[in-house]
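These notes are about the structure you will find just below.
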Amino acid sequence: MDIDPQTYLMDTTLIEQTITEKTKCILPVHLYGQCVDMDRVLDVAEREDCAQSHGALFKGRKAGSMSDAAAFSFYPTKILGGYGDGGMVVTDDEILHAKLMRLRFYGMEKTYYAQEHGYNSRLDELHAAVLRGKLKHLPQYIARRKELAERYDRMLADTGLTLPKTMAGNDHAYYLYVCRHPERDRIIDELKKRDILVNISYPWPIHTMTGYQHFVYRDGDLPHTEKAAQEIFSLPMYPGLTDDEQEQVITALCEILK
Ligand SMILES: Cc1ncc(COP(=O)(O)O)c(C=O)c1O
Numbered sequence: 080m081d082i083d084p085q086t087y088l089m090d091t092t093l094i095e096q097t098i099t100e101k102t103k104c105i106l107p108v109h110l111y112g113q114c115v116d117m118d119r120v121l122d123v124a125e126r127e128d129c130a131q132s133h134g135a136l137f138k139g140r141k142a143g144s145m146s147d148a149a150a151f152s153f154y155p156t157k158i159l160g161g162y163g164d165g166g167m168v169v170t171d172d173e174i175l176h177a178k179l180m181r182l183r184f185y186g187m188e189k190t191y192y193a194q195e196h197g198y199n200s201r202l203d204e205l206h207a208a209v210l211r212g213k214l215k216h217l218p219q220y221i222a223r224r225k226e227l228a229e230r231y232d233r234m235l236a237d238t239g240l241t242l243p244k245t246m247a248g249n250d251h252a253y254y255l256y257v258c259r260h261p262e263r264d265r266i267i268d269e270l271k272k273r274d275i276l277v278n279i280s281y282p283w284p285i286h287t288m289t290g291y292q293h294f295v296y297r298d299g300d301l302p303h304t305e306k307a308a309q310e311i312f313s314l315p316m317y318p319g320l321t322d323d324e325q326e327q328v329i330t331a332l333c334e335i336l337k
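So the sequence shown is numbered by the working numbering: it starts at 80 and just counts up by one.
And the structure:
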């Protein structure tokens, strides 16, 4: 379904009309660090994609705690990142938990006896150790992200950039700080000339990719998504970004957009 152009999150008003007899589940993606309006989806939603929203809150509830099952990514750049690929599913459903434990281990509950078709998807112990160490610092990581976001908000307010909007009820964890401008490509080129590299998350909507032409949507069907993909870009945002480095980004943007 299409996005809300203000927050880039799924437009929850479209849920009912999008459901067909083929719908198996609704998967709200808590994109860029803030949560989808879970009050609106909870009647029907079963799962959450929290890959970008460790520590984000929606009306006081943590991302990952609002549905039957939620997936987190520990890809190294995430808010809580390991030193290699990894992830986690959280659930409060015992049956689902037992199934997930089997699926990650070749479908086995009893050693060397597969009860169902499974995978090799265990979290490597070294990565787990790194993640356990970093987990203690998660509140500080998020606090620093918020501090950086607050500074970008303040210093870029008059540049003509569309800055990220936080939906009411959300406590944004700022995985990404996504701006928007019709001259996005020129701005990125100018930043590059000043050795400032920015990322576009994401340049191509999924339904326009060759690999997903079996989906029902065609190019042109999700106008807000398609327009956003042409105009968005993410400013440097990670806890290790220093005040001086952020200052350089802000100064460069003010120059480019004056
Ligand atoms: C919103 C979202 N969902 C899912 C994923 C997939 O996570 P992983 O790369 O750990 O499989 C990612 C990360 O790349 C993501 O950003």
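Just so it is clear, CB atoms sit at the ideal spot from N, CA and C, and this is done for glycine as well.
These figures come from a predicted structure and were not determined experimentally.
If you count every other CB in all the chains shown that lies within 10 Å of the CB of R233, and 16 or more means buried, which is it?
R233 should be labelled exposed.
Consult DSSP for M145 and reduce its assignment to one of helix, strand or coil.
M145 falls in the coil class under three-state DSSP.
Can you have a look at P282 and say buried or exposed, based on whether 16 or more other CB atoms are within 10 angstroms of its CB?
Classification for P282: exposed.
Does the beta carbon of T330 sit closer than 8 Å to a beta carbon anywhere in chain D?
Absent from the structure is chain D; it holds one protein chain and no more.
Assuming G290 contacts H260 under a Cβ cut-off of 8 Å, what Cβ separation, rounded to an integer in Å, is found between them?
Actually they are not in contact, since the Cβ atoms of G290 and H260 sit about 29 Å apart, beyond 8 Å.
Taking C-beta to C-beta, are V108 and D81 nearer than 8 Å?
No, Cβ-Cβ distance for V108 and D81 is not below 8 Å.
Which residues bound the beta strand (DSSP E) around C258?
From DSSP, the beta strand (DSSP E) with C258 extends over Y256 to R259.
Which residue spans inside the region 220-268 form an unbroken beta strand (DSSP E) run of at least 3?
Correct list: 256-259.
Which of helix, strand or coil does DSSP assign to R126?
Strand, per DSSP.
Cut-off 6 Å between Cβ atoms - residues of its own chain near D83, not counting five sequence neighbours on either side:
Answer for D83: D90, listed in chain order.
Can you name the residues that DSSP bridges to T170?
When DSSP reads this structure, T170 sits in a beta bridge with A148.
Would you mind reading off the limits of the beta strand (DSSP E) that contains E188?
That run of the beta strand (DSSP E) goes M187 to K189.
Can you name the start and end residues of the alpha helix (DSSP H) that I329 belongs to?
Boundaries of the alpha helix (DSSP H) around I329: D322 to I335.
Span of the alpha helix (DSSP H) holding I94?
Where I94 is concerned, the enclosing alpha helix (DSSP H) starts and stops at I94 to T97.
Given A308, which residues of its chain have a CB within under 7 Å of its CB, disregarding the five upstream and five downstream residues?
Sequence-distant partners of A308 (beyond 5 residues in either direction) whose C-beta falls short of 7 Å from its own C-beta, in its chain, are Y281, P282, W283 and P284.
Under the criterion of a Cβ to heavy atom distance below 7 Å, does V108 qualify as lining ligand 1?
Yes; taking the cut-off as 7 Å, the Cβ of V108 has a heavy atom of ligand 1 nearer than that.
What are the residues that DSSP puts in a beta bridge with L314?
In the DSSP output, where bridge partners are listed per residue, L314 has Y256.
As assigned by DSSP and simplified to three states, the class of I275
Looking at I275 - three-state DSSP - the assignment turns out to be coil, as it is neither helix nor strand.
In whole angstroms, what separates the C-alpha of G248 from that of L175?
If you take the alpha carbons of G248 and L175, they lie about 29 Å apart.
For D116, I'd like the list of residues in its chain whose CB is within less than 7 Å of its CB, leaving aside the five on either flank, ordered along the chain.
Residues T91 and M246 of the same chain have their beta carbon placed closer than 7 Å to that of D116, with the five preceding and five following residues left out of the count.
Where the alpha helix (DSSP H) through G212 begins and ends
Per DSSP, the unbroken alpha helix (DSSP H) holding G212 starts and ends at E204 to L214.
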